[in-house]
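Peer 1: In this text, residue positions in the sequence shown follow our numbering: the first is 24, and each later residue adds one.
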Amino acid sequence: MRLDGRVAVITGGGSGIGAATARAFAREGARVVIADIDETAGEAVAAEIAAELTATGATIDFLHADASDPTEIERVIGFATSTHGRLDVLHNNHVSFESGRVGDLTLEGFRRSLEVGLVSYWYAIKQALVPMVAAGRGSIVNTASVSGLAGDFGLGAYNVLKAGVVNLTRVTGIEYARKGVRCNAVCPGPIGTPPIERLHEAAPRIWSDIRDAIPMGRYGRAEEIANVVLFLASDESSFVTGSHIVADGGLWAHSGMPPIGGLGPDF
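#1: C210 and G240: beta carbons closer than 9 Å?
#2: How would you call F262, buried or exposed, if buried means at least 16 neighbouring beta carbons within 10 angstroms?
#3: Does P154 pass the burial test, meaning 16 or more other C-beta atoms within 10 Å, or should it be called exposed?
#4: Rounding to the nearest angstrom, what Cα-Cα distance links H114 and E131 in this structure?
#5: Comparing alpha-carbon positions, which option in A74, C206, D27, G65 lies nearest E51?
#6: Can you find the residues in the same chain that come closer than 7 Å, C-beta to C-beta, to Y242, ignoring five residues on each side of it along the sequence?
#7: Out of G203, M280, A225, W275, which one is the CA nearest neighbour of T264?
#8: For G287 and R228, what's the separation of their Cα atoms in angstroms?
#9: Can you tell me which of the three DSSP states I163 falls into?
#10: Looking only at C-alpha atoms, which of P93, A53, D89, R98 sits nearest to L76?
#11: Looking at I60 and G41, is the spacing between their C-beta atoms short of 9 Å?
#12: I'd like the list of long-range same chain contacts for E246, defined as Cβ closer than 6 Å, with 5 residues on each side in sequence excluded.
#13: Figure out for me which residue from V112, R109, G108, S136 has the closest Cα to the Cα of E121.
#14: Using beta-carbon positions only, say whether F85 and G65 come within less than 9 Å of one another.
#15: In the DSSP output, what is H267 paired with across the bridge?
#16: Where do the N-terminal and C-terminal ends of the alpha helix (DSSP H) with V252 fall, by residue?
#17: Would you mind working out which of L152, H87, T166, A147 sits nearest R201, comparing C-alpha positions?
#18: Taking DSSP as the reference, what is the three-state secondary structure of H223?
#19: For A158 versus K185, is the C-beta spacing smaller than 9 Å?
#20: Taking the alpha-carbon positions, what's the V118 to R29 distance?
#21: Thinking A180 and F133 are a contact (beta carbons under 8 Å), I'd like their distance in whole angstroms, please.
#22: Quick one: is A69 buried, meaning 16 or more other Cβ sit within 10 Å of its Cβ, or exposed?
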């Protein structure tokens with residue numbers, strides 16, 4: 024098992040990519056601590072995983088926590104290290120942001136977007152580095168986005184915070200490479216998580232337009248991103264640090280130009 028006996032903290036573990044990653048880590052033998060502001064969802068995921076655990080040696084714990092609160096981050100990291108005596112993996116996966124054109128964003132909304140989606144990532148990394156550096160090993164995986172590599176209409180705050188996550192990943196990776204701690208990011212494209220499912224119900228045309236813009240012609244699955252996180256968390260990626268892996272069905276590879284001469288994705 025790729026994470027046998029290792030201790031992992033996953034923020035935003037109550038749904039979507041975080042929940043899928045928790046399942047993947049547990050299957051690979053990790054002792055997992057998930058944190059989420061949604062207590063009902065987090066407890067449900069933890070109970071589901073606990074029911075599936077057999078003789079893998081894995082464990083699962085859920086902590087109700089608001090990742091935008093530094094004391095809550097300290098509590099989550101502290102729980103993992105005090106309960107299990109170590110911390111091997113941190114997966115920063117929470118986010119909250121205000122949408123709208125750049126000129127229409129509120130000061131409060133823009134600031135909170137950065138606090139939740141970027142500053143709290145840095146603070147969780149800061150806390151996790153203490154036990155990781157002391158042990159001489161560790162892997163930090165940040166959920167960034169293809170929206171951190173390019174711009175989107177109406178998602179300015181999200182674009183900025185995810186771009187920050189990408190560069191936070193780079194600098195952490197290079198600064199701690201000789202301390203045995205790796206830091207990488209996964210950049211998903213549109214994934215079939217609860218927000219996308221709600222979009223399907225509220226605005227089916229937008230939902231289908233986004234789907235059709237993806238060269239693979241479908242939304243990604245949370246499990247597909249979890250597999251990338253698992254790779255980056257495990258020793259299989261032992262020479263990878265300061266990097267980002269794009270998993271978006273080919274979306275970022277496309278220039279945005281419409282099909283020319285009828286040579287579209289279905290030619």
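In this text, a Cβ means the ideal position worked out from N, Cα and C, and glycines have one as well. Predicted model only: the values in this text are computed from it and were never measured.
Peer 2: Reading from the atomic positions:
#1: In the sequence shown, residue 210 corresponds to position 187, counting from 1. In the sequence shown, residue 240 corresponds to position 217, counting from 1. In this structure, C210 sits away from G240, with a CB-CB distance that is not shorter than 9 Å.
#2: Position 239 of the sequence shown, counting from 1, holds the residue named residue 262. In summary, F262 is exposed, with fewer than 16 beta-carbon neighbours lying within 10 Å of its beta-carbon over all protein chains present.
#3: Along the sequence shown, one-based indexing puts residue 154 at 131. With 16 or more other Cβ atoms inside 10 Å of its own Cβ, P154 counts as buried.
#4: Indexing the sequence shown from 1 puts residue 114 at position 91. Indexing the sequence shown from 1 puts residue 131 at position 108. Rounded to whole angstroms, H114 to E131 spans 27 Å at the Cα level.
#5: For the purposes of this step, residue 51 is taken as residue 28 along the sequence shown, with counting starting at 1. For the set A74, C206, D27, G65, the Cα lying nearest the Cα of E51 is the one of D27.
#6: Counting from one through the sequence shown, the residue named residue 242 turns up at place 219. The beta carbon of Y242 sits closer than 7 Å to those of P213, I214, G215, I219, R234, all from its chain and outside the five residues before and after it, given in chain order.
#7: For the purposes of this step, residue 264 is identified with residue 241 of the sequence shown, where counting begins at 1. The shortest Cα separation from T264 among G203, M280, A225, W275 belongs to G203.
#8: The count along the sequence shown starts at 1 and reaches residue 287 at position 264. The count along the sequence shown starts at 1 and reaches residue 228 at position 205. Spanning the alpha carbons of G287 and R228 requires a straight line of approximately 20 Å.
#9: Start at 1 with the first residue of the sequence shown, and residue 163 comes out as number 140. Annotated three-state conformation of I163 is strand, per DSSP.
#10: Working through the sequence shown from its first residue, we reach residue 76 at position 53. Considering only alpha carbons, the answer is A53.
#11: In the sequence shown, counting from the first residue as 1, residue 41 sits at position 18. In the sequence shown, counting from the first residue as 1, residue 60 sits at position 37. Contact: no.
#12: Indexing the sequence shown from 1 puts residue 246 at position 223. For E246, where only same-chain residues beyond five positions count, the Cβ hits under 6 Å are A43.
#13: If you number the sequence shown from 1, residue 121 lands on position 98. Between E121 and the set V112, R109, G108, S136, the nearest pair of CA atoms involves S136.
#14: The residue labelled residue 85 in the question sits at position 62 within the sequence shown. The residue labelled residue 65 in the question sits at position 42 within the sequence shown. Yes, the Cβ-Cβ distance between F85 and G65 is below 9 Å.
#15: Here residue 267 refers to the residue found at position 244 of the sequence shown. Its beta-bridge partners are A208.
#16: What you label residue 252 is simply residue 229 of the sequence shown in a count that begins at 1. Residue range 245 to 256 is occupied by the alpha helix (DSSP H) that includes V252.
#17: Stepping through the sequence shown from its first residue, residue 201 is reached at position 178. Answer by Cα proximity: L152.
#18: The residue given as residue 223 occupies position 200 in the sequence shown. H223 carries a helical assignment under DSSP once its states are collapsed to helix, strand and coil.
#19: In the sequence shown, the residue the question calls residue 158 occupies position 135. In the sequence shown, the residue the question calls residue 185 occupies position 162. In this structure, A158 lies away from K185, with their beta-carbon atoms at least 9 Å apart.
#20: Residue mapping note: residue 118 aligns to position 95 of the sequence shown, counting from 1. Residue mapping note: residue 29 aligns to position 6 of the sequence shown, counting from 1. Spanning the two alpha carbons is a distance of roughly 25 Å.
#21: In the sequence shown, the residue the question calls residue 180 occupies position 157. In the sequence shown, the residue the question calls residue 133 occupies position 110. About 5 Å separates the two Cβ atoms, so the contact holds.
#22: Reading the sequence shown from its first residue, position 46 is the one you call residue 69. Buried, by the Cβ-count rule.
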